[in-house]
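In my numbering, the protein residues as written are 58 to 337. Here the structure comes first, spelled out in C-alpha cells, and everything after it is commentary.
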Ligand code: NAP
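Next up, the structure:
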C-alpha cells in the first residue's frame, strides 16, 4: 500500500507555523508586506493572485495589490517596480506571470531587487542556489522538498530523476535535490531512452507539462513519485503529468493532483516572505 503525500495538510501546517512567527514578529514591531502586481485580466492569473492575497491575510502578511491594465507599457511597469524596490516597508515583490506580449518578462524579473525577489527568479538568487549560498528559492521546487521531508522520505544518497529542465521548476528542483545529497539526473525533451533513466529513480519528479505522460512503464517498483504538472482533462477535471491510477500501486509514496504539489507553492511563497524579513 502506498503513502499518499498530502500537500493540503502539509501546506496548512506550514502556513500555521508561519502565522505564529508573524504574530511574534508583530509583537516585536515588525510588519511584513508583499506587493503583488498583475498586468491584464487573464482569469487563471486572477485566481492565483487572489489565492496569494488570501494566504497573506491568513498568515498576517500585509498585501499591496497593483492591478494594471492589459495595455501597460514596459516602462510603466519598470517604474512601479523601481518605486517598490525603494519602499522600505515593502519586503517582497511578486509580478504575476505571464505578462502581456509588449512587456519583456526577463527585463522585469531582472528589475526586481534580489532582496525582495520572493519568487526566487532573479539570476542573483538562482546563482546563490547553485553555489550553495542563502537566498530565495523558487517556490514550487522548494515545496517539493518540504513535501518529501515532512513525509519522512529521505533524499540523501537516493537516485533522483527530474523530468523537465525549466528555469522555474526543473532546474531549481535538481539543484535542491543535489543540496539534499541526492544523486540527480535531469531529463528533457531530447533525452534518449527516457524510461531506462526514470526506472532507476528512487525519487521521480515529473515536471514536463504533459497530461498523464508518466505511466507505470516509467516507474521502478516502490519509487516515490512527485507530480508537479497541472492540467484540465477533457471533463474539466484537474490531472497531473502522472497517470495516478495506473502509477500509484507501483509506488511507495505519491502526490495526488489536486492536493499534492499545488498547495505547496503558495505556502512556500509565504515562507519566503517571512524568511526574508527574519534574515534581514
Ligand atoms: P515548461 O517550461 O513547459 O517545461 C517543460 C519541461 O519538460 C522542458 O524542460 C521540456 O524539455 C521537458 N519536456 C517536455 N516534453 C518532454 C518529454 N516528452 N520528455 C522529457 N521531457 C520533456 O513547464 P514548467 O513551467 O516547468 O511546468 C511543468 C508542469 O508543472 C506544467 O504542467 C505546469 O503547469 C506545472 N506547474 C505547476 C506548478 C504548481 O504550483 N504545482 C508550478 C509551476 C508549474 P525541453 O527543455 O527540452 O523543451
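Just so it is clear, CB atoms sit at the ideal spot from N, CA and C, and this is done for glycine as well. All figures in this text were calculated on a predicted structure; none of them were measured in a lab.
Starting from residue 280 and walking both ways along the beta strand (DSSP E), at which residues does that stretch end?
For the purposes of this step, residue 280 is taken as residue 223 along the chain shown, with counting starting at 1. 280-284 is the span of the beta strand (DSSP E), which, as asked, contains residue 280.
With burial defined as no fewer than 16 other Cβ atoms inside 10 Å of the residue's Cβ, what is the status of residue 232: buried or exposed?
Counting from 1 along the chain shown, the entry for residue 232 is found at position 175. Buried, because 16 or more other Cβ atoms sit within 10 Å of the Cβ of residue 232.
Quick check on the DSSP output: what are the complete alpha helix (DSSP H) runs of length 4 or more inside the stretch 232-299, in order along the chain?
Listed in chain order, they are 251-255.
For the stretch 83-91 against the stretch 124-134, do three or more pairs of beta-carbon atoms, one drawn from each stretch, fall closer than 8 Å, so that the two count as touching?
No: the two stretches stay apart, fewer than three of their Cβ pairs being nearer than 8 Å.
Hey, how far is the Cα of residue 287 from the Cα of residue 294?
For the purposes of this step, residue 287 is taken as residue 230 along the chain shown, with counting starting at 1. For the purposes of this step, residue 294 is taken as residue 237 along the chain shown, with counting starting at 1. Taking the straight line from one Cα to the other gives about 10 Å.
Does the stretch 256-275 come into contact with the stretch 289-305, if we say contact requires no fewer than three beta-carbon pairs (one atom in each stretch) closer than 8 Å?
Counting C-beta pairs with one atom in each stretch, the stretch 256-275 and the stretch 289-305 have three or more that are closer than 8 Å, which means they touch.
Rounded separation between residue 65 and residue 110 - CA only:
For the purposes of this step, residue 65 is taken as the residue at position 8 of the chain shown. For the purposes of this step, residue 110 is taken as the residue at position 53 of the chain shown. Looking at the two C-alpha atoms, the distance is approximately 18 Å.
Between the alpha carbons of residue 192 and residue 173, how many angstroms are there, rounded?
The residue labelled residue 192 in the question sits at position 135 within the chain shown. The residue labelled residue 173 in the question sits at position 116 within the chain shown. If you take the alpha carbons of residue 192 and residue 173, they lie about 10 Å apart.
Excluding the five sequence neighbours on either side, which residues of its own chain have a C-beta within less than 7 Å of the C-beta of residue 278, listed in chain order?
The sequence position of residue 278 within the chain shown is 221, counting from 1. If we look at residue 278 and ignore the five residues flanking it on each side, its Cβ neighbours are 307.
Taking residue 264 and residue 298 to be in contact with their CB atoms under 8 Å, please state how far apart those CB atoms are, rounded to whole angstroms.
For the purposes of this step, residue 264 is identified with residue 207 of the chain shown, where counting begins at 1. For the purposes of this step, residue 298 is identified with residue 241 of the chain shown, where counting begins at 1. Contact flag correct, Cβ pair sits at about 7 Å.
Taking Cβ positions, are residue 72 and residue 324 nearer each other than 8 Å?
Looking up residue 72 in the chain shown gives position 15. Looking up residue 324 in the chain shown gives position 267. Yes. Within cutoff.
Helix, strand or coil: which one does DSSP assign to residue 102?
In the chain shown, residue 102 corresponds to position 45, counting from 1. The answer is helix: DSSP assigns residue 102 an H, G or I state.
Alpha carbon to alpha carbon, what distance is there between residue 176 and residue 330?
In the chain shown, counting from the first residue as 1, residue 330 sits at position 273. In the chain shown, counting from the first residue as 1, residue 176 sits at position 119. Cα to Cα, residue 330 sits roughly 9 Å from residue 176.
Where the beta strand (DSSP E) through residue 95 begins and ends:
Locating residue 95 in the chain shown gives position 38, where the first residue counts as 1. Segment 90-96, the beta strand (DSSP E) holding residue 95.
3-residue-minimum beta strand (DSSP E) runs that sit fully inside the stretch 304-332, ordered along the chain
Fully enclosed beta strand (DSSP E) runs of 3 or longer: 308-311.
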